[in-house]
Amino acid sequence: MNTSMSPAVPPGAVLVGVDGSAHGEAALAWAVDHAAARRAPLVVVHGSAPLGVGRIPFADEGRLMLRESTQRVVDHAVELVHHADPELPVSVLRRYEDPRSTLLEAAEGAAMVVLGTRGLGRLRSLLLGSVSQAVASHAACPVTVVRPAELQPGPGRGNVVVGVELDGSSEAALEEAFAIAEDTRRPLDVVHVRPGHDALADPDGYVQRLDVSDRHERGFAETVLRHAEKHPHVTVVHRTVEGAPVAILVEASRTAGHLVVGSRGRHGVPALLGSVSRTVLERAHCAVTVVREPAPQAAPHERGEARG
Numbered sequence: 012m013n014t015s016m017s018p019a020v021p022p023g024a025v026l027v028g029v030d031g032s033a034h035g036e037a038a039l040a041w042a043v044d045h046a047a048a049r050r051a052p053l054v055v056v057h058g059s060a061p062l063g064v065g066r067i068p069f070a071d072e073g074r075l076m077l078r079e080s081t082q083r084v085v086d087h088a089v090e091l092v093h094h095a096d097p098e099l100p101v102s103v104l105r106r107y108e109d110p111r112s113t114l115l116e117a118a119e120g121a122a123m124v125v126l127g128t129r130g131l132g133r134l135r136s137l138l139l140g141s142v143s144q145a146v147a148s149h150a151a152c153p154v155t156v157v158r159p160a161e162l163q164p165g166p167g168r169g170n171v172v173v174g175v176e177l178d179g180s181s182e183a184a185l186e187e188a189f190a191i192a193e194d195t196r197r198p199l200d201v202v203h204v205r206p207g208h209d210a211l212a213d214p215d216g217y218v219q220r221l222d223v224s225d226r227h228e229r230g231f232a233e234t235v236l237r238h239a240e241k242h243p244h245v246t247v248v249h250r251t252v253e254g255a256p257v258a259i260l261v262e263a264s265r266t267a268g269h270l271v272v273g274s275r276g277r278h279g280v281p282a283l284l285g286s287v288s289r290t291v292l293e294r295a296h297c298a299v300t301v302v303r304e305p306a307p308q309a310a311p312h313e314r315g316e317a318r319g
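Per this note's numbering, residue 12 is the first one in the sequence shown, and the count goes up by one each step.
Put into structure tokens, the structure is as follows:
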């Protein structure tokens, strides 16, 4: 195993945040399997806020304790990686700064960031820790949040589930979901959730919606087929259901092994999660991968570029 303390992050690496907790170890285990399946290098990332020089008593002793504690965390993480896969290339990125900024900076050019979830208080199972929430909201690459329960999958926790839109904006999420299903040898369930309509309230509008829905369904099937052809070993089903997207996807996560959602951001802002992906990420019962959809390319005149 190639172990390096270099701060450089190899392009296409899988990053995993560790903090010595069970949540961090669950993320590490998933990240090792993912990096091995993708033949990508693994980078163990640990960030801890520095102690201010001269601002508190015994600052020198505090800094020494912080460094020793950090060293124990990363050494233990590397030992777990070595035990799980001795051949996996692994390096360590350790910085004495806010772990959110450390991970977000390191994520530039990475293939995936993997984190645990650490809720607080009575709703700990429903709330993300601040680091996971911030990184999932702002990282440009896909972010996977793993819950410790993923280490003990129960009966039926097999499918990969992906929620998609029918407007062509879920291509990246679909591709990642197919790849995860292929890597983990799990079936894939592709789900589109549409709101229910009252046919008696507007009969003419209902007929028109049926026509639009039929066209979308054909496009949906064609899109799924196109991805399926690239992943012939994945068993895939696709379905459209009526209801609230968050409720449907969270319920699906109860028996799923992995949930994938796309995010275009709120009001077109790419640096923020949309409301559906954010809430699903908080409430899902299995590991969740959030995949940022690429921003549409602006026309030359919209970018202010000269033409001619």
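Using N, Cα and C, we set each Cβ at its ideal position, and we do this for glycine too.
Considering only C-alpha positions, which residue in the set the options is nearest to residue i?
i: Pro305; options: Ala298, Ser274 and Arg294; result: Ser274
i: Asn170; options: Leu260, Pro22, Leu53 and Val101; result: Leu260
i: Glu293; options: Gly230, Thr155 and Gly254; result: Thr155
i: Thr246; options: Arg237, Leu199, Arg265 and Thr266; result: Leu199
i: Ser102; options: Thr251, Leu91 and Glu182; result: Leu91
i: His57; options: Val89, Asp44 and His45; result: Val89
i: Tyr107; options: His149, Ala95 and Ser59; result: Ser59
i: Val204; options: Ala267, Pro153, Thr251 and Thr195; result: Thr251
i: Asp109; options: His94, Asp96 and Ser141; result: Ser141
i: His249; options: Gly230, Glu262 and Asp194; result: Gly230
Tell me whether residue i is buried or exposed, calling it buried when 16 or more other Cβ atoms sit within 10 Å of its Cβ.
i: Gln144; result: buried
i: Val146; result: buried
i: Glu187; result: buried
i: Thr128; result: buried
i: Gly279; result: Note that Gly279 scores 43 on pLDDT, short of 50, meaning its location in the model is unreliable; the coordinates nonetheless yield the value given after this. Result: exposed.
i: Leu236; result: exposed
i: Leu75; result: exposed
i: Ala42; result: buried
i: Ser136; result: In this prediction, Ser136 scores a pLDDT of 39, lower than 50, which makes its location untrustworthy; the coordinate-derived value is nonetheless stated afterwards. Exposed, since its Cβ has fewer than 16 Cβ neighbours within 10 Å.
i: His244; result: exposed
i: Gly120; result: exposed
My understanding is that residue i touches residue j, with C-beta atoms under 8 Å, so please give their C-beta distance in whole angstroms.
i: Pro256; j: Val287; result: 5 Å
i: Ser264; j: Val172; result: 7 Å
i: Val29; j: Val54; result: With 8 Å as the limit, Val29 and Val54 do not qualify as a contact, their Cβ atoms being about 11 Å apart.
i: Arg303; j: Ala151; result: 6 Å
i: Val271; j: Ile191; result: 7 Å
i: Cys297; j: Gly268; result: 6 Å
In the DSSP output, which residue or residues are listed as bridge partners for residue i?
i: Met123; result: Val25
i: Arg303; result: Ser274
i: Asp200; result: Val172 and Val248
i: Leu53; result: Val25 and Val101
i: His34; result: His34 is not bridged to any residue.
**Given 8 Å, three or more beta-carbon pairs between the stretch 41-52 and the stretch 75-87** = no
**Request:** Please confirm if the stretch 32-39 is in contact with the stretch 108-122, defined as three or more CB-CB distances below 8 Å between the two stretches.
**Result:** no
**Prompt:** Are the stretch 115-127 and the stretch 83-91 in contact at 8 Å, needing three or more beta carbon pairs?
**Reply:** no
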